[in-house]
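Trainee: Taking our numbering, the leading residue of the sequence shown gets 32, the next gets one more, and so forth.
Pasting a structure here, questions to come.
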Amino acid sequence: MNYPTETKNPRKKIRLVILSILGLIILLAILPKCHRKIEKGEETVAAVVTQIVQPSTAEDLIYLPAIVRARFDAQLATDKPGIVAEILADKGKLVEAGQPLLRIEDSTWKTSAEKADIDLREAKKELDRWQELQKTGAVSPSDFDTIKARYDTAVLALTDARIQYGKCTLKSPIRGIIADRYLEVGEHAPEGIAAFRLVDIDEVKLSVDIPERNVLSIAQGTLMTFVVDVLPARVFTGTVSFVSSAASEGNNSFAAELRCANPDHELRPGMIARTALSRAVHKDAIVVPLSAITPRKGEYIAFVVENEKASRRVVKLEAITEKEIVLSSGLNPGDELVVDGNRTLADGMKVSRGGTGTGK
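Written as structure tokens, this is what we have:
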């Protein structure tokens with residue numbers, strides 16, 4: 032039996048051996064170059080932006096949501112039941128204090144007032160006659176007192192009749208704007224039903240909840256600034272007019288109110304506002320951008336540039352404002368602080384400045 036030989040083509044075998052040797056030579060040539068690239072990467076210079084630390088003043092503010100409300104916002108109800116005879120003012124209109132807004136059909140009450148007026152005139156005539164008789168001694172004191180009482184009763188009856196007649200007309204208690212109207216002419220109005228919603232927004236009040244930890248930072252008369260979403264370019268100032276003496280059971284916050292003049296009626300009831308409460312003012316403090324500080328393993332880290340290298344500093348925070356951090360230790364005036372590019376820095380890494388500035 033004949034077996035096949037191991038290799039039928041010796042030349043092909045030789046070529047494979049030669050190619051393997053060449054591949055090994057090429058691999059050995061590449062490895063040192065890769066090693067040199069790694070070494071060069073370790074020496075990469077980090078591009079950073081820096082600023083010089085200088086003492087400054089910073090106000091520690093917290094921002095709290097609030098809602099705008101009218102100084103006066105009430106439902107005006109009818110005093111008398113009856114058919115609506117006249118609508119004398121409509122929604123959207125500015126009305127003055129005492130201006131009639133609505134009249135209930137009042138003929139019955141008008142008649143009662145006229146009758147009471149007649150009764151009073153008759154009682155006055157009788158009283159005048161008895162007063163003349165009293166001067167002559169022709170009447171007893173008890174009879175005269177009866178006539179006098181009848182006159183006094185007529186006075187009271189007329190006063191009450193006029194009051195009841197006057198209640199048929201609903202009048203505005205203040206100067207304000209009619210925000211809504213709920214009745215129509217010819218409609219029957221039960222006693223006490225709401226007829227109008229009246230608001231006064233010449234001055235507005237803001238309702239805001241103060242967290243328990245900040246309530247001692249606010250008192251009546253405190254000035255607070257605020258903004259509303261629909262007028263982002265405007266900054267308004269209100270005066271604290273009320274701070275609750277007891278915390279809310281729901282969230283343990285303290286209700287407060289601000290008053291703000293609103294002559295142009297730009298602020299409307301229901302608008303959402305954001306108020307700024309000042310907790311403290313830090314003078315001659317080290318104030319740095321939020322971006323300059325990074326939390327790492329329970330510490331707060333900043334980097335400064337010393338001898339063209341990043342130097343790691345552990346800092347302590349005193350307060351955090353909306354855009355800045357107030358430090359109590361870790362940095363000194365004159366330090367060149369890294370404010371951008373610090374996220375990937377390590378202590379001792381070489382840096383190149385992409386920009387520098389002067390701190391606040």
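Positions of the beta carbon are idealized from the N, C-alpha and C atoms, including for glycine.
Going by the beta-carbon positions, is the gap between residue 206 and residue 227 smaller than 7 angstroms?
Mentor: No, the Cβ-Cβ distance between residue 206 and residue 227 is not below 7 angstroms.
Trainee: Helix or strand or just coil, what does DSSP make of residue 204?
Mentor: Coil.
Trainee: Go ahead and pull the three-state DSSP assignment for residue 158.
Mentor: Of the three classes helix, strand and coil, the one that applies to residue 158 here is helix, per DSSP.
Trainee: So, is residue 111 buried or exposed, given that buried needs 16 or more other C-beta atoms within 10 angstroms?
Mentor: By the neighbour-count rule (16 or more Cβ atoms within 10 Å), residue 111 is buried.
Trainee: Where do the N-terminal and C-terminal ends of the alpha helix (DSSP H) with residue 184 fall, by residue?
Mentor: Start and end: 172–197.
Trainee: Are there 16 or more other CB atoms within 10 angstroms of the CB of residue 106, so buried, or fewer, so exposed?
Mentor: By the neighbour-count rule (16 or more Cβ atoms within 10 Å), residue 106 is not buried but exposed.
Trainee: Per DSSP, which residues does residue 360 bridge with? Please list them.
Mentor: DSSP, once it has assigned bridges, lists 347 as partnering residue 360.
Trainee: Give every residue of the same chain whose Cβ lies closer than 8 angstroms to the Cβ of residue 250, excluding the five residues on either side of it in the sequence, and list them in chain order.
Mentor: If we look at residue 250 and ignore the five residues flanking it on each side, its Cβ neighbours are 271 and 274.
Trainee: Do you know offhand how far residue 373's Cα is from residue 76's?
Mentor: Near 12 angstroms, if we compare the C-alpha coordinates of residue 76 and residue 373.
Trainee: Taking its Cβ as the centre, do 16 or more other Cβ atoms sit within 10 Å of residue 358, making it buried, or is it exposed?
Mentor: Its Cβ being crowded by 16 or more others within 10 Å, residue 358 is buried.
Trainee: Measuring straight from C-alpha to C-alpha, what distance separates residue 165 and residue 129?
Mentor: Their backbone Cα atoms lie some 45 angstroms apart in a straight line.
Trainee: In chain order, what residues of the same chain lie with their CB nearer than 7 angstroms to the CB of residue 371, ignoring the 5 residues before and after it?
Mentor: For residue 371, where only same-chain residues beyond five positions count, the Cβ hits under 7 angstroms are 79, 80 and 322.
Trainee: How far does the beta strand (DSSP E) with residue 85 in it extend, from its first residue to its last?
Mentor: Unbroken run through residue 85: none, as it is neither H nor E.
Trainee: Indicate whether residue 115 and residue 222 have their beta-carbon atoms separated by less than 7 angstroms.
Mentor: No, the Cβ-Cβ distance between residue 115 and residue 222 is not below 7 angstroms.
Trainee: Note down, in chain order, each residue of its chain lying with its Cβ closer than 7 angstroms to the Cβ of residue 155, except the 5 sequence neighbours on either side.
Mentor: Taken in chain order, the residues that qualify are 182.
Trainee: One question on the structure: do residue 309 and residue 242 come within less than 7 angstroms of each other, judged by their Cβ atoms?
Mentor: It is not a contact, given that the beta carbons lie outside the stated cut-off.
Trainee: When you compare only the Cα positions, how much space is there between residue 145 and residue 126?
Mentor: Cα to Cα, residue 145 sits roughly 30 angstroms from residue 126.
Trainee: So, helix, strand or coil for residue 261, using DSSP?
Mentor: Coil at residue 261, not helix or strand.
Trainee: When you compare the CB positions of residue 307 and residue 94, do they come within less than 7 angstroms of one another, or not?
Mentor: Closer than 7 angstroms, so yes.
Trainee: If I'm right that residue 238 touches residue 286 with Cβ under 8 angstroms, what's the distance once you round it to whole angstroms?
Mentor: Their Cβ separation, rounded to whole angstroms, is 7 angstroms, which keeps residue 238 and residue 286 in contact under 8 angstroms.
Trainee: In chain order, what residues of the same chain have a beta carbon less than 8 angstroms from the beta carbon of residue 316, not counting five sequence neighbours either side?
Mentor: Counting only Cβ-Cβ distances below 8 angstroms, and skipping sequence neighbours, we find 86, 87, 88, 89, 349, 357 and 358.
Trainee: Tell me whether the beta-carbon of residue 100 lies closer than 7 angstroms to the beta-carbon of residue 300.
Mentor: The answer is yes: Cβ separation under 7 angstroms.
Trainee: Could you say which of 148, 253, 132 and 257 lies nearest to residue 229 if we only look at CA atoms?
Mentor: Of the listed residues, the one whose Cα sits closest to residue 229 is 132.
Trainee: Got a sec? Which residues, its chain only, sit under 6 angstroms from residue 302 by beta carbon, not counting five neighbours each side?
Mentor: Closer than 6 angstroms at Cβ, skipping near neighbours: 99 and 259.
Trainee: Do residue 220 and residue 109 have their beta-carbon atoms positioned less than 7 angstroms apart in this structure?
Mentor: Contact: yes.
Trainee: Would residue 62 be called buried (16 or more neighbouring beta carbons within 10 Å of its own) or exposed?
Mentor: Below a pLDDT of 50, predicted positions are generally treated as unreliable, and residue 62, at 49, falls in that range; no measurement from the model is reported.
Trainee: Exposed or buried, residue 344, counting other C-beta atoms within 10 Å across all chains shown (16 or more means buried)?
Mentor: So residue 344 ends up on the buried side.
Trainee: For residue 296, which option in 233, 179 and 143 has the closest C-alpha, if you only look at C-alpha atoms?
Mentor: That would be 233, whose Cα lies nearest to the Cα of residue 296.
Trainee: Whole angstroms are fine: how far does the CA of residue 175 sit from the CA of residue 158?
Mentor: Approximately 8 angstroms between the Cα atoms of the pair.
Trainee: Where does the unbroken beta strand (DSSP E) through residue 244 begin, and where does it stop?
Mentor: From DSSP, residue 244 is part of no beta strand (DSSP E); its letter is neither H nor E.
Trainee: Does DSSP classify residue 130 as helix, strand or coil?
Mentor: Note: residue 130 maps to coil in three-state DSSP.
Trainee: If you draw a straight line from the alpha carbon of residue 384 to that of residue 337, how long is it in whole angstroms?
Mentor: Approximately 12 angstroms between the Cα atoms of the pair.
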